[in-house]
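Only one structure is covered here, and it is reproduced in the block below.
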């Protein structure tokens, strides 16, 4: 399902980027979801656990979480204290247009996805720099002064440059065993699914490949991801098909490359998920 977790026109981004500064005093119960844009979350206070593609992250104040488009995720919020965070939504076209050759601004998201680790833990100096940039960005977004929009755009790019530098310098929390929890077998299965969407991914074939009972695979997969095996694979295939369609691949070819055996099944699933036809989507 698409995200409905922030404010305003929830889950949809029609501009280059959007910044939220949120503080909840009541617990929110949110389902697993995904976005078509990239998202950065900077935790400022409270107790929150984030599950991203089966990996559970135990976040602390000043942690930065990077959630790339199409990644299935869910926050679990402890109602014991207010949950405050800054959330930045980033349009992929905006990121591309502001990137230099060989230095794409979405490198941080690609790197996190390749490492299967999405948490960046900052030190005192980095925290101060992030906060100064975010405060300047918030002020620029609310300002009516000359050049405010240009300044906001520049500060957003500055924030991304800092995040990219920290990620590429390996300033992550991966070495801290208390920062995350992962089921190695489920992580292996999730990675296999993503790289073999055009192949047979039935429960029977997966159970056989990974030497698991069919019952255990279905039960554990649901517990880790929040989706049944079939639901997860269907969502990933639809997202891949959408990416291919936007790249100009003919609709029927995109459906085939994404692993849909029957075009009619693909059309129904696509309409149900995106609420538009593949051609309208393109």
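Numbering (my numbering), first residue to last: 2 to 283.
All C-beta atoms in this analysis are idealised placements derived from N, C-alpha and C, irrespective of residue type, glycine included.
Bear in mind the structure is a predicted one, so any value in this text is a computation, not a measurement.
Same chain only: Cβ atoms within 8 Å of residue i, ignoring 5 sequence neighbours per side
i: residue 74; result: 33, 34, 35, 51, 52, 53, 54, 68
Residue j beta carbon less than 8 Å from that of residue i
i: residue 92; j: residue 43; result: no
i: residue 57; j: residue 182; result: yes
i: residue 191; j: residue 241; result: no
i: residue 142; j: residue 45; result: no
i: residue 168; j: residue 121; result: yes
i: residue 96; j: residue 107; result: yes
i: residue 24; j: residue 104; result: no
Nonlocal neighbours in the same chain, by C-beta distance under 7 Å from residue i, ignoring five residues either side
i: residue 157; result: 18, 138
i: residue 62; result: 44, 45, 46
i: residue 246; result: 252, 255, 279, 282, 283
i: residue 264; result: 253, 256
Collapsed DSSP secondary structure at residue i in the structure displayed
i: residue 41; result: strand
i: residue 75; result: strand
i: residue 275; result: helix
i: residue 270; result: helix
i: residue 13; result: coil
i: residue 186; result: helix
i: residue 145; result: coil
i: residue 68; result: strand
Cut-off 6 Å between Cβ atoms - residues of its own chain near residue i, not counting five sequence neighbours on either side
i: residue 275; result: 282
i: residue 113; result: 67, 119
i: residue 79; result: 48
Burial state of residue i, where buried means 16 or more other Cβ atoms lie within 10 Å
i: residue 71; result: buried
i: residue 40; result: buried
i: residue 11; result: Note that residue 11 scores 44 on pLDDT, short of 50, meaning its location in the model is unreliable; the coordinates nonetheless yield the value given after this. Looking at its Cβ environment, which holds fewer than 16 other Cβ atoms inside 10 Å, residue 11 is exposed.
i: residue 1; result: Outside the shown range of the chain (2 to 283) lies residue 1, about which nothing can therefore be said.
i: residue 64; result: buried
i: residue 273; result: exposed
Bridge-paired residues (DSSP) for residue i
i: residue 60; result: 49
i: residue 211; result: None, per the DSSP bridge assignment.
i: residue 20; result: 89
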